[in-house]
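Below: one structure, written as structure tokens.
Given below as structure tokens:
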């Protein structure tokens, strides 16, 4: 089930526009800083200019990644190309990491073989202006990135903020040199480089985690379940699985619990309505909705369910029991148990809980499945 999403087109335009602003600002700053650094014989200012160029390159990568990620699904990639945005965010992380390592190496070289800088008041004014621009640019780019859920923009915004810190440190080192004749910029450059390296590693780690596949956002999962449960006749929503195919691009599945009196026609209509509602409210495509039937014709079964519920929940790490159904004709009881990931041994907890349930009704055949709550917090 697919349909055109005008919101996605607007998001792409916002990301590209923000990236273009970043490119123009960084190229402008890089030119001025490079000239100041060469004239004043300052390695910190020159490295600062290089960082601005790396920021501009990051914005170019963001634009390319956004364009590629916006391609329509095709036969080879039926779920679209949205995950390319994660790859572009990873490349930006590597650029930040490389910039940090490079600047650290250059700073160490200057510590070993120091050169005397030659600052001027106009040069310091330009550096100070650059600090102000980078702070504003960083906050703007990161803010837009968080608003449209773009890791590439968020990483670019954080990189710009780090550049502002570097520039501010360079400015402070220049003031110290002009007042007391002590050159600290190489040492300061080394410290700031380590901060950049740390930031690059964290960006890379977070992006790789998303590529590997993280659990569904708990708030989104809760909201989807609330929508599903809002339909008359649905008494439970379980086994929600969300597959991420890029920022704000989810496909998923869920099980619903309904009375055992529902006909196939009623179920078909209900499932279609739920699928449409979840798509409209949460922009999530439910590719499958499974069904658990619930006993409604026998009060004795309701009492059985409660007794078994109490027995299994006596175990600390049992978090859910669902899909409960009793077939009196076959003398069979079936249900699923969700065991928390916090349990030292999930299978041991499951086995003991099932044994306790079977002890209550030894004449029945138990069909119990260990399950997982993929949105577990």
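In my numbering, the protein residues as written are 434 to 810.
Heads up, the beta-carbon is just placed ideally off N, CA and C, and yes, glycines get one too.
What are the residues that DSSP puts in a beta bridge with residue i?
i: residue 692; result: 727
i: residue 804; result: 771
i: residue 753; result: 771
i: residue 798; result: 765
i: residue 669; result: 690
i: residue 570; result: Paired residues: none, contrary to the question.
Within 10 Å of its beta-carbon, does residue i have 16 or more other beta-carbons around it, so buried, or fewer, so exposed?
i: residue 753; result: buried
i: residue 611; result: exposed
i: residue 562; result: exposed
i: residue 437; result: Note that residue 437 has pLDDT 47, beneath the 50 cutoff, so the model's placement of it is unreliable and the number below is only indicative. Flag for residue 437 reads exposed.
i: residue 774; result: exposed
i: residue 584; result: buried
i: residue 423; result: Since the first and last residues shown for the chain are 434 and 810, residue 423 lies out of range.
i: residue 744; result: buried
i: residue 547; result: exposed
i: residue 603; result: buried
Between the C-alpha atoms of residue i and residue j, what's the straight-line distance to the nearest angstrom?
i: residue 434; j: residue 784; result: With a pLDDT of 45 at residue 434, under the threshold of 50, the modelled position of that residue is not reliable, and no figure is offered here.
i: residue 688; j: residue 676; result: 15 angstroms
i: residue 770; j: residue 779; result: 11 angstroms
i: residue 803; j: residue 711; result: 27 angstroms
i: residue 640; j: residue 590; result: 15 angstroms
i: residue 488; j: residue 471; result: 20 angstroms
i: residue 568; j: residue 597; result: 6 angstroms
i: residue 644; j: residue 716; result: 20 angstroms
i: residue 566; j: residue 469; result: 16 angstroms
i: residue 463; j: residue 605; result: 19 angstroms
i: residue 790; j: residue 741; result: 5 angstroms
i: residue 732; j: residue 739; result: 11 angstroms
For residue i, which residues in the same chain have their Cβ closer than 7 angstroms to its Cβ, ignoring the five residues on either side in sequence?
i: residue 512; result: 506, 678, 684
i: residue 820; result: Outside the shown range of the chain, which is 434 to 810, sits residue 820, and nothing can be said about it.
i: residue 581; result: 444, 447, 448
i: residue 479; result: 467, 470, 471
Could you name the residues of the same chain whose beta carbon sits closer than 8 angstroms to that of residue i, not counting the 5 residues immediately before and after it, in chain order?
i: residue 630; result: 530, 533, 534, 537
i: residue 722; result: 686, 687, 688, 689, 704, 707, 708
i: residue 798; result: 763, 764, 765, 766
i: residue 656; result: 714, 715
Please return the same chain residues whose Cβ sits closer than 6 angstroms to the Cβ of residue i, not counting the five positions on each side in sequence.
i: residue 806; result: 771
i: residue 485; result: 459, 462, 463
i: residue 570; result: 458, 593
Inset, instruction - Decide yes or no for the touch test of the stretch 565 to 581 against the stretch 448 to 457: beta carbon pairs closer than 8 angstroms, at least 3 of them. - result: yes
Inset, instruction - Indicate whether the contact test is met: 3 or more Cβ pairs, each with one atom in the stretch 620 to 629 and one in the stretch 515 to 524, closer than 8 angstroms. - result: no
Legend entry - At least 3 beta-carbon pairs within less than 8 angstroms: the stretch 717 to 737 vs the stretch 680 to 697: yes
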